[in-house]
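Student: Numbering (my numbering), first residue to last: 204 to 444.
Glycine included, every Cβ here is placed at the ideal spot set by N, Cα and C.
Dropping a structure here in structure tokens format, bear with me for questions.
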């Protein structure tokens, strides 16, 4: 059994150093890896990213992350990612990584994702160039996630996790105003997960949402935004053969 710790939307600022570190240092007792589901900073500045990097540096378990919309706000996502990578975090965007957990190879595929809405109430690739690019960007994120999950399967990973910031399903948005659902996720992410296959899908972004959901194909979805789980992280168990 693999124990996956996960949290998103920790929104660390310059005064946040040390807030989560004590809890993270207990991970060796309860988890095999830590997933960070985006919005790790408040405004995406390098200074805030350094705070996050110190919070997760030299943890007793591997750390894998995706960035969120807040991490892009200062328009320096590459620098944010680089600072986290320097601290030993594997930051994903349209790619996967393999983590060795007690002799089991766990594949994690990640993308920030984007909005667009859900089946029956979603944006279409039609009209003004800006609207078409909005939907195409969501599709590129989903396609990258699908390709990454498929590649992990080809590499022999029988256990796979999809890590995103935006939600793949409407289930985990329950509690948010319905008017903003299109800005909280996209069904294209769920289609990618169901097409390629995964054992668990983890996301953040929806602060007023609900923890538990499921894709149409039966993949468990968990909203791990910290305002939802109300703790430093939650742990989910994956059964392996």
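Let me make sure I understand the geometry here. Which of 321, 258, 210 and 340 has the alpha-carbon closest to that of residue 374?
Tutor: Of the candidates 321, 258, 210 and 340, the one whose C-alpha sits nearest the C-alpha of residue 374 is 321.
Student: Taking the alpha-carbon of residue 238 as reference, which of 251, 212 and 283 has the nearest alpha-carbon?
Tutor: Closest option to residue 238, Cα to Cα, is 212.
Student: For residue 402 and residue 359, I'd like the C-alpha separation in whole angstroms.
Tutor: Distance between the alpha carbons of residue 402 and residue 359 is about 14 Å.
Student: Suppose you measure from the CA of residue 210 to the CA of residue 323; what does that come to, to the nearest Å?
Tutor: Each residue's Cα considered, the two are about 30 Å apart.
Student: Return the chain-ordered list of same chain residues with a C-beta closer than 6 Å to the C-beta of residue 353, the five sequence neighbours on each side being excluded.
Tutor: Around residue 353: 399.
Student: Whole angstroms is fine: what's the gap from residue 443's alpha carbon to residue 330's?
Tutor: Their Cα atoms are separated by approximately 46 Å.
Student: Compute every distance between the C-beta of residue 426 and the non-hydrogen atoms of the ligand MN, then say whether any falls below 7 Å.
Tutor: Annotation note on the ligand MN: not contained in the displayed structure, which lists no ligands.
Student: In three-state terms, what does DSSP make of residue 417?
Tutor: Three-state result, residue 417: strand.
Student: So, are the CB atoms of residue 416 and residue 431 less than 8 Å apart?
Tutor: It is not a contact, given that the beta carbons lie outside the stated cut-off.
Student: Keeping to the same chain, check which residues put their C-beta closer than 8 Å to that of residue 348; ignore five residues upstream and five downstream.
Tutor: Hits under 8 Å: 297, 312, 313, 314, 316, 365, 367, 392, 395, 396 and 399.
Student: Can you tell me where the alpha helix (DSSP H) holding residue 307 begins and where it ends?
Tutor: Unbroken run through residue 307 is the beta strand (DSSP E), 307-314; no alpha helix (DSSP H).
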